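Residue numbers (my numbering), protein chains in the order written: chain U, 1 to 461; chain B, 462 to 922.
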C-alpha cells in the first residue's frame, strides 16, 4: 500500500510544509485528516514512519509525531509509534449502495478513449483565437510576415517571460526563451545541444512516456531509465549528466516530487556539472492546492524549463517554449536556426496577443474549473462502481492512475475494449503496479466519465 | 563574356529545344534574335561554338549551324564558322540620352534594401488568408486540433501532390509528401537522413546560399562546393553521393540548367547510388517562357524535391514541403516525428483550403504579373542609367545579377550604402564575376526600383 500513500499524500501534504512555520502543524493535520476522510488514503494504509515522513517533507520529526498523535486522538489513524501507524477504517465517504448501472456494453457502441494525453478540444476558444489571428494579420507590419527571430517573435518571448515568472516561479528573461514546435522540439534541440557538448546519455523517468526516450535516442542521447519510485528519481550514481524530469506532476504516476527530491535533483545537477530538463507538461492544472512552483526556480542555471500550450489550448498548434540557462541559450538558438530557421510567426503573435490581453489566464481558469469538476466526477464514479480500486495522481493534470486489486492486465484491457472503452495499462510507460491503468478523463464530459467507469465495472466484474 | 552568354541564353533557348522537332529551328532563331535585340546577349559577346551549343541543348549540330547562318544573314551575329560567332553591335535597344536624374543621395535618405531573398509582403492576401483561417478553425472537427500526422495534414498533402504535378511536373503522391517548416527544415531532415544512412558529404553549388552549407554542416554533412560554371555543376568525381541543386533558376546566378546538365545530374545520382536535393525555390516565377519543369520529374527515385510558400506567400508562415523517393520517405518521416512530432495543423489546413479553392493559382498569377513588370522596370532602368552594366538571371525569380564593367567591389558597396542603398556582392555567395551584385527587386515598387538604380548610377559614377 506504500504506493497508495505516496502517490496521493505528497500532493496533499506538500502545500502544508511550504506554509509559514507557525501554520504547518495545523495545515499538516488538516491535510492528512482530509486525505483519510476523502479516501485518498485508504483504510488500512500504513503511513510512513514519522522519521521518514519528516525527512521527506523536510520538517522536524517532532512535528510529524505531534500530527500523528493528534490524529490518533481523533481516531483518524491507529497504532502506536514504533508499531506502525495506519489509516483507520470506516472514515472514508462510503460507496453508495447498489451495483453499477447498465453501461454501453453492446458491441458497436460508441468507443470511448479513456487513454491519457488529451486536453478537451471543445474548450479551445476558436472564435477568440481566430479573431486575434485576424487582428494580428491585419495589424502586423509587412516585415512581420518575413522570417522571424530563431528564438521566436519578441512580443511572445516577453509575454512568456512574464507568464512563467508569475504562474510558475520561473526565473528567466525574454533573451533566454526559445519558442519551439511544442515540448517535443524543445527536447530535440536540448538533446542535440547536449550531444554536441559531449553528453552520451540522459536519465529518463521510469515509468515515463516512451516518446521522450525516442526523442532523446534519435537526437543523439541514450536514455537511461531511472525508477521514479515513491518520491521521484534518485540520480546518484546514474551514468548520465542530464535528466528529463516532470517534478510538478510526474507522468504517468501523477506524483509531485517532494521538496527533498527537488533539492536533491538540483544538487545532483550541480555536482555532476549537468542539466535537468524540466517538462512542466501540466503544471498549470493543479486542483486542490496552490501549484508547486517550477523546479527551474530552484536552479535556473541547472534547469532547462520546457512548457507548451498543448494541454492548455491545442496540441495541434505546436507552440512550446524553453527557458534556458545562459550557457545553453546560444547553442540551442543555433540548433533551432539550423533546424528550420525560425517558427511560424503569425500564430506566435496570436499567442502573444492572447497572453497580454489576459485571455490566457481566463482560459486557464476556465479549464481548471472544468477539469477539476471532471476529476471529482471520476473519483466519485470510481468509488461508486469500482470501490476496490485505488485512484491516484489526481491532484493535478488531465489523467489519473487506476490500480485494481487483482486480475490479468491483458484480460482487463481486452474486456474494456470489448465493452467499447479503450484503456492503457500503466506498464505501457515502464514499470508500475499491475493491473494499473492510466486514465485520461479531461477530454470527456462528466456523463461520459461516469458511464465509462460504470461500463468498466461491468466489463471487469 | 562567356558568363553573360550562358547566364541569359539557356533560359531563353531552352523552351525552343523542348518544342516539337519541326518548330525548333524557327523558335531557336527567334529566341536568339530576341536575346540579342533585347540586349540580353550584349554586343560583342562570343556565342558558343555550334558543336558545343548543340551538345548542351541536346540538338543536332546542323540545327545550330543553320540558326547561326540565318542570323548571320540577318545581321544579328558576325564572324564565320571556325573563327567564332559574335553578337553584332548596335542592335540592342539603345539607352536613352541624358544622364541619371538626381536620386535620393542625401545622407539620412530612406534606406532601400536592394538585396535578394524577399518576396513582396504587400502582396500577401491578408484578408483572404485570415478569412480561410477562421473558416478552417470554425469547421475543423475537434480531433483536428490535436497532434497531426508527422507528414502533415492529409488535405494539404493531397492538394500539394496535385499542385506540384500540375505546375512543376513533379511525380509524387500524398504519401511521399512531407510538410516541413520551410525548405530549411526540409534540408535539415534530408541531411540527417543521409547522415544516418552513411553519407559524410553533400555537394553544394558555388556560388550558392551560405545558409544551405550551414544547414548541411549542422545536420551531419560536410558541404563540398562545386562550381556552377556556365551550365550548372558537373558532379563527376566529386567526393559526395548527394547534392543540393537549384536547376530551375540557380541561386544566385539565375541560370537555368540546360537539359544536358539536368540529364547528367540524374545519371550521376543513379551511378553513385545517390540523391539530388532539388530546391525549387522560385520555380513558380518564370517570366518569358513556360516554366522549366522540376528536375524531379526526370528521376523521381533520385530526387528529393523541396519547395515552400516563402517566395509566393510569406516566409514567416514556415510552410514548405518535400516530395521524396520511396526509400527516403520513412526515414524522413521518422526524423520529422523525432524533431517536433508534427507541424502546426491550422495553417496547414488554411493552405490546403487556399490551394483547393483555386486562390493559390490566382495569387501566383498576380505575383507573376507584378514581378515581371518590376523585372522589366529593372532591366530598363539598368539599361538607361547603368548602360555599361550587364544584367543576367532575369528570366525568372525575384532577383537578378548586375555585373559592372569595373571598379572595386568593396568601394562600390560602400558608395551604395552611403547613398542609402544596401547592396550585396555576388561573391557573398562564393565565386562569381566581380564587381557583381545580386539585386533583389521583387519587393520594391517600380518607382523605387527606377530611383534606386538611378541613385546607384550617381553613387557609382
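Note that CB positions come from ideal geometry on N, CA and C, so glycine has one too.
Nothing here was measured: the structure is a model prediction, and the numbers come from that model.
Cβ-based burial, residue 545 of chain B [other Cβ within 10 Å; buried from 16]: The residue labelled residue 545 of chain B in the question sits at position 84 within the second chain. That one is exposed.
Under the three-state DSSP convention, the category residue 632 of chain B falls into: If you number the second chain from 1, residue 632 of chain B lands on position 171. Three-state DSSP puts residue 632 of chain B in coil, outside helix and strand.
Residues of its chain near residue 137 of chain U, where Cβ-Cβ distance is below 7 Å and the 5 sequence neighbours each way are ignored: Translated into the one-based positions of the first chain, residue 137 of chain U becomes position 137. If we look at residue 137 of chain U and ignore the five residues flanking it on each side, its Cβ neighbours are 346.
is_contact[residue 883 of chain B, chain U] using C-beta, thresh 8 Å: Here the question's residue 883 of chain B lines up with position 422 in the second chain. By this cut-off, residue 883 of chain B is not an interface position.
Residue 374 of chain U to residue 400 of chain U span [Cα, whole Å]: Residue mapping note: residue 374 of chain U aligns to position 374 of the first chain, counting from 1. Residue mapping note: residue 400 of chain U aligns to position 400 of the first chain, counting from 1. Approximately 11 Å, taken between the alpha carbons.
Opening and closing residue of the beta strand (DSSP E) in which residue 227 of chain U lies: Locating residue 227 of chain U in the first chain gives position 227, where the first residue counts as 1. From DSSP, the beta strand (DSSP E) with residue 227 of chain U extends over 222-227.
C-alpha distance - residue 897 of chain B paired with residue 884 of chain B, whole-angstrom precision: Locating residue 897 of chain B in the second chain gives position 436, counting from the first residue. Locating residue 884 of chain B in the second chain gives position 423, counting from the first residue. Near 10 Å, if we compare the C-alpha coordinates of residue 884 of chain B and residue 897 of chain B.
Beta-carbon gap between residue 621 of chain B and residue 782 of chain B smaller than 8 Å: By 1-based counting over the second chain, the position of residue 621 of chain B is 160. By 1-based counting over the second chain, the position of residue 782 of chain B is 321. Yes. Within cutoff.
Bridge-paired residues (DSSP) for residue 703 of chain B: Here the question's residue 703 of chain B lines up with position 242 in the second chain. The partner list for residue 703 of chain B (beta bridge, DSSP) reads B:736.
Chain-order list of residues whose beta-carbon lies under 7 Å from that of residue 699 of chain B (same chain, five-residue window excluded): Residue numbering aside, residue 699 of chain B sits at position 238 when the second chain is read from its first letter. Hits under 7 Å: 664, 685 and 687.
Stretch-stretch touch, CB-based, cutoff 8 Å, three pairs: the segment 382-395 of chain U with the segment 413-421 of chain U: Flag = no, the segment 382-395 of chain U and the segment 413-421 of chain U do not touch.
Between the CA atoms of residue 583 of chain B and residue 185 of chain U - distance to the nearest angstrom: For the purposes of this step, residue 185 of chain U is identified with residue 185 of the first chain, where counting begins at 1. For the purposes of this step, residue 583 of chain B is identified with residue 122 of the second chain, where counting begins at 1. About 32 Å.
Backbone CA spacing between residue 334 of chain U and residue 680 of chain B [nearest angstrom]: Taking the first chain and counting its residues from 1, the one referred to as residue 334 of chain U is at position 334. Taking the second chain and counting its residues from 1, the one referred to as residue 680 of chain B is at position 219. Near 12 Å, if we compare the C-alpha coordinates of residue 680 of chain B and residue 334 of chain U.
Beta strand (DSSP E) runs contained entirely in the segment 607-681 of chain B, provided each spans 3 or more residues: Taking only runs of at least 3 residues, the beta strand (DSSP E) segments lying wholly in the segment 607-681 of chain B are 638-641 and 662-667.
Beta strand (DSSP E) runs contained entirely in the segment 421-457 of chain U, provided each spans 3 or more residues: Taking only runs of at least 3 residues, the beta strand (DSSP E) segments lying wholly in the segment 421-457 of chain U are 436-440.
Among U:278, U:444, U:313 and U:68, the one whose alpha carbon lies nearest that of residue 304 of chain U: On the first chain, position 304 is the one that residue 304 of chain U refers to. Of U:278, U:444, U:313 and U:68, the residue nearest in Cα terms is U:278.
With 16 other Cβ atoms within 10 Å as the buried cut-off, status of residue 760 of chain B: The residue labelled residue 760 of chain B in the question sits at position 299 within the second chain. Flag for residue 760 of chain B reads buried.
Three CB pairs or more closer than 8 Å across the segment 652-670 of chain B and the segment 700-710 of chain B: Judged by Cβ distances under 8 Å, the segment 652-670 of chain B makes contact with the segment 700-710 of chain B, as three or more pairs qualify.
Contact under 8 Å by Cβ, residue 924 of chain B with residue 520 of chain B: Residue 924 of chain B lies beyond the residue range present for chain B, which begins at 462 and ends at 922; the question has no answer from this structure.
Pick from B:911, B:691 and B:797 that is closest to residue 215 of chain U, judged by C-alpha positions: Walking along the first chain from the start, residue 215 of chain U turns up at place 215. The alpha carbon of residue 215 of chain U has as its nearest neighbour, out of B:911, B:691 and B:797, the alpha carbon of B:797.
8 Å CB neighbourhood of residue 596 of chain B in its chain, flanking five on each side removed: Mapped onto the second chain, residue 596 of chain B falls at position 135. Here the set comprises 814.
C-beta neighbour in chain B for residue 321 of chain U, strict 8 Å: Position 321 of the first chain, counted from the first residue, corresponds to residue 321 of chain U. With 8 Å as the cut-off, residue 321 of chain U does not count as an interface residue toward chain B.
CA-to-CA distance, residue 873 of chain B to residue 754 of chain B, given in whole angstroms: What you label residue 754 of chain B is simply residue 293 of the second chain in a count that begins at 1. What you label residue 873 of chain B is simply residue 412 of the second chain in a count that begins at 1. When rounded, the distance between both Cα atoms is 37 Å.
Residue 85 of chain U, DSSP secondary structure in three states: On the first chain, residue 85 of chain U is found 85 positions in, with the first residue counted as 1. Under the three-state reduction of DSSP, residue 85 of chain U is assigned to strand.
Minimum Cβ-Cβ distance from residue 804 of chain B to chain U less than 8 Å: Translated into positions along the second chain, residue 804 of chain B becomes position 343. Taking Cβ atoms only, chain U reaches closer than 8 Å to residue 804 of chain B, which makes this a yes.
Top-ranked residue by Cα proximity to residue 306 of chain U, from U:313, U:283 and U:291: Looking up residue 306 of chain U in the first chain gives position 306. Nearest neighbour of residue 306 of chain U by Cα position, chosen from U:313, U:283 and U:291, turns out to be U:283.
Closest by C-alpha distance to residue 314 of chain U, when choosing among U:142, U:291, U:416 and U:126: Along the first chain, one-based indexing puts residue 314 of chain U at 314. If you compare the alpha carbons of U:142, U:291, U:416 and U:126 with that of residue 314 of chain U, the shortest gap goes to U:126.
Backbone secondary structure at residue 111 of chain U - three-state DSSP: Looking up residue 111 of chain U in the first chain gives position 111. Residue 111 of chain U falls in the coil class under three-state DSSP.
is_contact[residue 682 of chain B, chain U] using C-beta, thresh 8 Å: Here residue 682 of chain B refers to the residue found at position 221 when the second chain is read from its first residue. Judged by the 8 Å Cβ criterion, residue 682 of chain B is not in contact with chain U.
Extent of the continuous alpha helix (DSSP H) run through residue 863 of chain B: Within the second chain, the letter at position 402 stands for residue 863 of chain B. That residue, residue 863 of chain B, is in no alpha helix (DSSP H); its beta strand (DSSP E) goes 860-864.
Buried or exposed (CB count within 10 angstroms, at least 16 for buried), residue 280 of chain U: One-based indexing of the first chain puts residue 280 of chain U at position 280. Residue 280 of chain U is buried by the Cβ-count criterion.
Within 9 Å of chain B by C-beta, residues of the segment 254-288 of chain U in sequence order: Residues of the segment 254-288 of chain U that bring their beta carbon within less than 9 Å of a beta carbon in chain B are absent altogether.
Reduced DSSP secondary structure (H/G/I, E/B, other) of residue 324 of chain U: Here the question's residue 324 of chain U lines up with position 324 in the first chain. Secondary structure of residue 324 of chain U (DSSP, three-state): coil.
Residues near residue 371 of chain U in its chain [Cβ-Cβ closer than 7 Å; skip 5 each side]: The count along the first chain starts at 1 and reaches residue 371 of chain U at position 371. Answer for residue 371 of chain U: 285, 398 and 442, listed in chain order.
Proximity below 8 Å, CB of residue 288 of chain U to CB of residue 395 of chain U: Here the question's residue 288 of chain U lines up with position 288 in the first chain. Here the question's residue 395 of chain U lines up with position 395 in the first chain. Taking 8 Å as the Cβ cut-off, residue 288 of chain U and residue 395 of chain U qualify as a contacting pair.
Contained alpha helix (DSSP H) runs [length at least 4] in the segment 795-865 of chain B, N- to C-terminal order: Taken in chain order, the complete alpha helix (DSSP H) segments of 4 or more residues contained in the segment 795-865 of chain B are 806-817 and 820-846.
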